[in-house]
Amino acid sequence: MAEATLVEFVKSALALGESRTRIADVLKKAGWPADQVEDALGAFADVDFPAPVPKPKAYGSAREAFLLIVYFSLLGMVATQVGGLSFAWIDRFFADDLTRDQYAYQWASTGLRWSIASLLVGYPIFLILGWRLAAKKRRDPDRRRSRVRAWLTYVTLIFAAGAFIGDLVAVVFQFLDGGLSTRFAAKAGVVGVISAAILWNFSREAERTSGGVDLAGQALAILSTLLVIALVAWAFTVVRSPAAARERVSDETRVTNLIAMTRLADCHLTYFGNLGTEFPAMHSALPELGG
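Counting in the numbering used here, the sequence shown runs from 74 upward without gaps.
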(Lines of atoms letter the chains of each structure in order from A and count residues from 1; the text may use other names and numbers.)
(Lines give C-alpha, C1' and ligand atoms only; values in the text may rest on other atoms or scores of the structure.)
Protein backbone atom coordinates (compact mmCIF):
# COMPACT_ATOMS: atom_id res chain seq x y z
CA MET A 1 0.00 0.00 0.00
CA ALA A 2 1.48 3.33 -1.12
CA GLU A 3 2.09 6.07 1.46
CA ALA A 4 -0.08 9.16 1.46
CA THR A 5 2.85 11.44 0.60
CA LEU A 6 3.69 9.28 -2.43
CA VAL A 7 0.10 9.31 -3.64
CA GLU A 8 -0.06 13.07 -3.22
CA PHE A 9 3.17 13.50 -5.22
CA VAL A 10 1.83 11.32 -8.05
CA LYS A 11 -1.37 13.33 -8.06
CA SER A 12 0.52 16.60 -8.31
CA ALA A 13 2.82 15.27 -11.06
CA LEU A 14 -0.12 14.00 -13.11
CA ALA A 15 -1.84 17.36 -12.68
CA LEU A 16 1.29 19.03 -14.15
CA GLY A 17 1.02 16.80 -17.22
CA GLU A 18 3.93 14.45 -16.50
CA SER A 19 3.72 10.99 -18.06
CA ARG A 20 3.31 7.92 -15.91
CA THR A 21 6.57 6.46 -17.20
CA ARG A 22 8.56 9.56 -16.26
CA ILE A 23 6.91 9.71 -12.81
CA ALA A 24 7.74 6.05 -12.18
CA ASP A 25 11.37 6.53 -13.28
CA VAL A 26 11.85 9.57 -11.06
CA LEU A 27 10.37 7.84 -8.01
CA LYS A 28 12.44 4.69 -8.50
CA LYS A 29 15.60 6.78 -8.82
CA ALA A 30 14.61 8.48 -5.57
CA GLY A 31 14.55 5.07 -3.87
CA TRP A 32 10.85 4.29 -3.74
CA PRO A 33 10.02 0.53 -4.04
CA ALA A 34 8.56 -0.48 -7.38
CA ASP A 35 5.42 -1.99 -5.83
CA GLN A 36 4.62 1.23 -3.94
CA VAL A 37 5.18 3.29 -7.09
CA GLU A 38 2.83 1.01 -9.00
CA ASP A 39 0.20 1.26 -6.26
CA ALA A 40 0.42 5.04 -6.22
CA LEU A 41 0.06 5.29 -9.99
CA GLY A 42 -2.71 2.71 -9.92
CA ALA A 43 -4.72 4.91 -7.58
CA PHE A 44 -5.50 7.16 -10.55
CA ALA A 45 -7.30 6.19 -13.73
CA ASP A 46 -5.40 6.44 -17.02
CA VAL A 47 -7.98 8.63 -18.78
CA ASP A 48 -7.75 11.81 -20.83
CA PHE A 49 -8.78 14.54 -18.38
CA PRO A 50 -7.06 17.74 -17.22
CA ALA A 51 -7.06 16.68 -13.55
CA PRO A 52 -6.02 13.26 -12.12
CA VAL A 53 -9.06 11.00 -11.78
CA PRO A 54 -8.95 8.72 -8.70
CA LYS A 55 -10.02 5.10 -9.06
CA PRO A 56 -12.75 3.75 -6.79
CA LYS A 57 -11.61 1.38 -4.04
CA ALA A 58 -14.02 -1.43 -4.75
CA TYR A 59 -12.16 -4.52 -3.57
CA GLY A 60 -12.47 -4.51 0.18
CA SER A 61 -16.05 -5.75 0.14
CA ALA A 62 -17.58 -8.32 2.45
CA ARG A 63 -18.18 -10.60 -0.56
CA GLU A 64 -14.50 -10.61 -1.46
CA ALA A 65 -13.54 -11.25 2.16
CA PHE A 66 -16.00 -14.17 2.32
CA LEU A 67 -14.61 -15.81 -0.84
CA LEU A 68 -11.01 -15.38 0.21
CA ILE A 69 -11.59 -16.65 3.75
CA VAL A 70 -13.35 -19.75 2.40
CA TYR A 71 -10.53 -20.27 -0.12
CA PHE A 72 -7.72 -20.05 2.43
CA SER A 73 -9.68 -22.16 4.94
CA LEU A 74 -10.07 -24.86 2.30
CA LEU A 75 -6.34 -24.61 1.60
CA GLY A 76 -5.62 -25.43 5.24
CA MET A 77 -8.10 -28.32 5.22
CA VAL A 78 -6.70 -29.78 2.00
CA ALA A 79 -3.11 -29.52 3.23
CA THR A 80 -4.04 -31.22 6.53
CA GLN A 81 -5.97 -34.08 4.92
CA VAL A 82 -3.34 -34.69 2.24
CA GLY A 83 -0.78 -34.89 5.01
CA GLY A 84 -3.00 -37.30 6.95
CA LEU A 85 -3.43 -39.67 4.01
CA SER A 86 0.28 -39.45 3.24
CA PHE A 87 1.09 -40.37 6.85
CA ALA A 88 -1.27 -43.37 6.63
CA TRP A 89 0.44 -44.54 3.44
CA ILE A 90 3.86 -44.17 5.09
CA ASP A 91 2.69 -46.14 8.13
CA ARG A 92 1.57 -48.94 5.87
CA PHE A 93 4.58 -48.91 3.58
CA PHE A 94 7.11 -48.89 6.41
CA ALA A 95 5.16 -51.11 8.84
CA ASP A 96 7.10 -54.03 10.32
CA ASP A 97 5.81 -57.40 11.52
CA LEU A 98 5.32 -56.13 15.08
CA THR A 99 3.18 -53.13 14.13
CA ARG A 100 1.51 -54.32 10.93
CA ASP A 101 -1.74 -55.41 12.62
CA GLN A 102 -1.88 -52.20 14.65
CA TYR A 103 -1.52 -50.02 11.57
CA ALA A 104 -3.94 -52.19 9.61
CA TYR A 105 -6.62 -51.24 12.13
CA GLN A 106 -5.65 -47.58 11.99
CA TRP A 107 -5.83 -47.47 8.19
CA ALA A 108 -9.47 -48.58 8.26
CA SER A 109 -10.42 -46.20 11.06
CA THR A 110 -12.89 -43.35 10.97
CA GLY A 111 -10.06 -40.83 10.58
CA LEU A 112 -9.08 -42.25 7.22
CA ARG A 113 -12.67 -42.08 5.97
CA TRP A 114 -12.89 -38.51 7.23
CA SER A 115 -9.83 -37.57 5.15
CA ILE A 116 -11.38 -39.16 2.06
CA ALA A 117 -14.69 -37.37 2.57
CA SER A 118 -12.96 -34.03 3.22
CA LEU A 119 -10.93 -34.24 0.02
CA LEU A 120 -13.82 -35.48 -2.13
CA VAL A 121 -15.95 -32.53 -1.05
CA GLY A 122 -13.43 -29.80 -0.21
CA TYR A 123 -10.79 -30.20 -2.91
CA PRO A 124 -13.07 -29.63 -5.95
CA ILE A 125 -14.55 -26.55 -4.23
CA PHE A 126 -11.02 -25.32 -3.50
CA LEU A 127 -10.01 -25.73 -7.15
CA ILE A 128 -13.14 -24.07 -8.54
CA LEU A 129 -12.94 -21.17 -6.10
CA GLY A 130 -9.25 -20.66 -6.82
CA TRP A 131 -9.89 -20.71 -10.56
CA ARG A 132 -12.66 -18.11 -10.27
CA LEU A 133 -10.57 -15.81 -8.07
CA ALA A 134 -7.62 -16.07 -10.46
CA ALA A 135 -9.84 -15.36 -13.47
CA LYS A 136 -11.28 -12.25 -11.84
CA LYS A 137 -7.80 -11.08 -10.93
CA ARG A 138 -6.61 -11.50 -14.53
CA ARG A 139 -9.56 -9.49 -15.83
CA ASP A 140 -8.95 -6.73 -13.31
CA PRO A 141 -5.33 -6.49 -12.05
CA ASP A 142 -6.40 -3.88 -9.49
CA ARG A 143 -7.65 -6.76 -7.35
CA ARG A 144 -4.00 -7.47 -6.54
CA ARG A 145 -4.05 -4.40 -4.32
CA SER A 146 -6.78 -5.87 -2.12
CA ARG A 147 -5.89 -5.53 1.56
CA VAL A 148 -7.97 -8.58 2.45
CA ARG A 149 -6.07 -10.72 -0.05
CA ALA A 150 -2.72 -9.39 1.15
CA TRP A 151 -3.46 -10.03 4.84
CA LEU A 152 -4.79 -13.55 4.27
CA THR A 153 -1.88 -14.38 1.98
CA TYR A 154 0.75 -13.32 4.49
CA VAL A 155 -1.04 -14.98 7.41
CA THR A 156 -0.98 -18.19 5.37
CA LEU A 157 2.72 -17.67 4.68
CA ILE A 158 3.36 -17.23 8.41
CA PHE A 159 1.74 -20.58 9.21
CA ALA A 160 3.51 -22.31 6.32
CA ALA A 161 6.88 -20.87 7.36
CA GLY A 162 6.28 -21.94 10.95
CA ALA A 163 5.44 -25.48 9.84
CA PHE A 164 8.50 -25.65 7.60
CA ILE A 165 10.90 -24.34 10.25
CA GLY A 166 9.36 -26.56 12.94
CA ASP A 167 9.69 -29.54 10.64
CA LEU A 168 13.40 -28.88 10.12
CA VAL A 169 13.91 -28.43 13.86
CA ALA A 170 12.20 -31.76 14.55
CA VAL A 171 14.36 -33.56 11.99
CA VAL A 172 17.59 -32.12 13.43
CA PHE A 173 16.49 -32.95 16.99
CA GLN A 174 15.61 -36.54 16.11
CA PHE A 175 18.94 -36.92 14.34
CA LEU A 176 20.90 -35.60 17.33
CA ASP A 177 18.79 -37.72 19.69
CA GLY A 178 19.40 -40.87 17.67
CA GLY A 179 15.71 -41.39 16.86
CA LEU A 180 15.66 -40.45 13.18
CA SER A 181 13.87 -43.47 11.72
CA THR A 182 12.90 -43.95 8.09
CA ARG A 183 9.24 -43.55 8.93
CA PHE A 184 9.82 -40.28 10.79
CA ALA A 185 12.01 -38.93 7.99
CA ALA A 186 9.34 -39.75 5.42
CA LYS A 187 6.63 -37.97 7.43
CA ALA A 188 8.92 -34.99 7.95
CA GLY A 189 9.46 -34.95 4.19
CA VAL A 190 5.70 -34.80 3.63
CA VAL A 191 5.33 -31.83 5.97
CA GLY A 192 8.31 -30.12 4.36
CA VAL A 193 7.03 -30.60 0.81
CA ILE A 194 3.50 -29.35 1.62
CA SER A 195 4.70 -26.28 3.56
CA ALA A 196 7.39 -25.49 0.96
CA ALA A 197 4.84 -25.71 -1.87
CA ILE A 198 2.54 -23.27 -0.06
CA LEU A 199 5.45 -20.93 0.68
CA TRP A 200 6.68 -20.99 -2.91
CA ASN A 201 3.29 -20.50 -4.52
CA PHE A 202 1.86 -17.77 -2.31
CA SER A 203 5.08 -15.82 -1.78
CA ARG A 204 5.47 -15.75 -5.56
CA GLU A 205 1.83 -14.77 -5.93
CA ALA A 206 2.20 -11.95 -3.41
CA GLU A 207 5.06 -10.42 -5.42
CA ARG A 208 3.64 -11.16 -8.86
CA THR A 209 2.76 -8.10 -10.93
CA SER A 210 1.91 -9.70 -14.26
CA GLY A 211 -1.77 -10.06 -15.08
CA GLY A 212 -1.30 -12.99 -17.46
CA VAL A 213 -1.94 -16.68 -16.93
CA ASP A 214 0.09 -18.16 -14.09
CA LEU A 215 1.60 -21.21 -15.80
CA ALA A 216 3.72 -22.19 -12.78
CA GLY A 217 0.67 -22.03 -10.52
CA GLN A 218 -1.34 -24.13 -12.96
CA ALA A 219 1.43 -26.73 -13.07
CA LEU A 220 1.43 -26.91 -9.27
CA ALA A 221 -2.37 -27.27 -9.27
CA ILE A 222 -2.16 -30.17 -11.76
CA LEU A 223 0.51 -31.95 -9.72
CA SER A 224 -1.51 -31.43 -6.53
CA THR A 225 -4.64 -32.79 -8.18
CA LEU A 226 -2.83 -35.91 -9.38
CA LEU A 227 -1.45 -36.45 -5.88
CA VAL A 228 -4.89 -36.07 -4.28
CA ILE A 229 -6.43 -38.49 -6.80
CA ALA A 230 -3.69 -41.04 -6.13
CA LEU A 231 -4.03 -40.78 -2.33
CA VAL A 232 -7.84 -41.01 -2.39
CA ALA A 233 -7.74 -43.97 -4.81
CA TRP A 234 -5.26 -45.75 -2.54
CA ALA A 235 -7.36 -45.00 0.54
CA PHE A 236 -10.42 -46.53 -1.11
CA THR A 237 -8.48 -49.78 -1.53
CA VAL A 238 -7.68 -49.81 2.20
CA VAL A 239 -10.88 -48.80 3.99
CA ARG A 240 -13.69 -51.25 4.47
CA SER A 241 -16.91 -50.97 2.50
CA PRO A 242 -19.92 -49.20 4.10
CA ALA A 243 -21.54 -52.60 4.77
CA ALA A 244 -18.40 -53.86 6.48
CA ALA A 245 -18.21 -50.65 8.50
CA ARG A 246 -21.80 -51.12 9.71
CA GLU A 247 -20.99 -54.69 10.71
CA ARG A 248 -17.94 -53.47 12.63
CA VAL A 249 -20.06 -50.91 14.49
CA SER A 250 -22.59 -53.63 15.33
CA ASP A 251 -19.82 -55.90 16.60
CA GLU A 252 -18.39 -53.12 18.74
CA THR A 253 -21.86 -52.42 20.17
CA ARG A 254 -22.29 -56.09 21.05
CA VAL A 255 -18.89 -56.18 22.75
CA THR A 256 -19.74 -53.04 24.72
CA ASN A 257 -23.06 -54.53 25.82
CA LEU A 258 -21.38 -57.79 26.85
CA ILE A 259 -18.83 -55.88 28.94
CA ALA A 260 -21.62 -53.91 30.61
CA MET A 261 -23.55 -57.10 31.36
CA THR A 262 -20.44 -58.74 32.79
CA ARG A 263 -19.79 -55.78 35.09
CA LEU A 264 -23.44 -55.76 36.17
CA ALA A 265 -23.33 -59.46 37.06
CA ASP A 266 -20.03 -59.00 38.89
CA CYS A 267 -21.41 -56.09 40.95
CA HIS A 268 -24.59 -58.03 41.79
CA LEU A 269 -22.54 -61.03 42.90
CA THR A 270 -20.31 -58.82 45.05
CA TYR A 271 -23.15 -57.06 46.88
CA PHE A 272 -25.80 -59.80 47.06
CA GLY A 273 -23.74 -63.00 46.91
CA ASN A 274 -25.65 -64.34 43.90
CA LEU A 275 -25.93 -63.66 40.20
CA GLY A 276 -29.66 -63.21 40.11
CA THR A 277 -31.95 -64.61 37.47
CA GLU A 278 -32.54 -61.68 35.10
CA PHE A 279 -30.43 -58.69 34.10
CA PRO A 280 -33.29 -56.16 34.41
CA ALA A 281 -33.82 -57.24 38.02
CA MET A 282 -30.11 -56.97 38.80
CA HIS A 283 -29.99 -53.53 37.13
CA SER A 284 -32.93 -52.26 39.22
CA ALA A 285 -31.50 -53.71 42.46
CA LEU A 286 -28.12 -52.03 42.25
CA PRO A 287 -29.36 -48.38 42.18
CA GLU A 288 -31.49 -49.08 45.29
CA LEU A 289 -28.40 -50.38 47.02
CA GLY A 290 -26.45 -47.29 46.01
CA GLY A 291 -29.22 -44.99 47.39
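Every residue, glycine too, gets a C-beta built ideally from N, C-alpha and C.
8 Å contact criterion, which residue i and residue j should meet: CB distance rounded
| i | j | result |
| --- | --- | --- |
| Asp287 | Ala261 | Not confirmed; about 29 Å, so no contact. |
| Lys101 | Val110 | 6 Å |
| Ser188 | Leu158 | 5 Å |
Separation of residue j from residue i, as counted between CA atoms
| i | j | result |
| --- | --- | --- |
| Tyr196 | Gly156 | 14 Å |
| Val263 | Phe160 | 8 Å |
| Ile142 | Lys209 | 16 Å |
| Ser92 | Leu193 | 52 Å |
| Thr94 | Ala269 | 37 Å |
| Gly346 | Asp324 | 31 Å |
| Val83 | Arg220 | 21 Å |
| Ala124 | Val80 | 14 Å |
| Pro127 | Met150 | 40 Å |
| Leu230 | Val99 | 33 Å |
| Ala308 | Ala207 | 31 Å |
| Thr343 | Ser357 | 15 Å |
| Ala243 | Ala333 | 44 Å |
| Phe248 | Ile267 | 21 Å |
| Ala86 | Thr153 | 50 Å |
| Ala259 | Trp162 | 10 Å |
First and last residue of the uninterrupted alpha helix (DSSP H) at residue i
| i | result |
| --- | --- |
| Glu351 | Element bounds for Glu351: n/a, residue is neither H nor E. |
| Asp250 | Arg220 to Asp250 |
| Glu137 | Ala135 to Phe166 |
| Val312 | That residue, Val312, is in no alpha helix (DSSP H); it is neither H nor E in DSSP. |
| Ala52 | Absent from the model: residue 52. The displayed extent of the chain is 74 to 364, so no value can be given. |
Residue i Cβ short of 7 Å to the ligand MN heavy atom set
| i | result |
| --- | --- |
| Pro125 | The model depicted lacks the ligand MN and carries no ligand whatsoever. |
Residue i - partner residues in DSSP beta bridges
| i | result |
| --- | --- |
| Pro127 | Phe117 |
Chain D within 8 Å of residue i, Cβ atoms only
| i | result |
| --- | --- |
| Ser92 | Here chain D cannot be found, since the structure has a single protein chain. |
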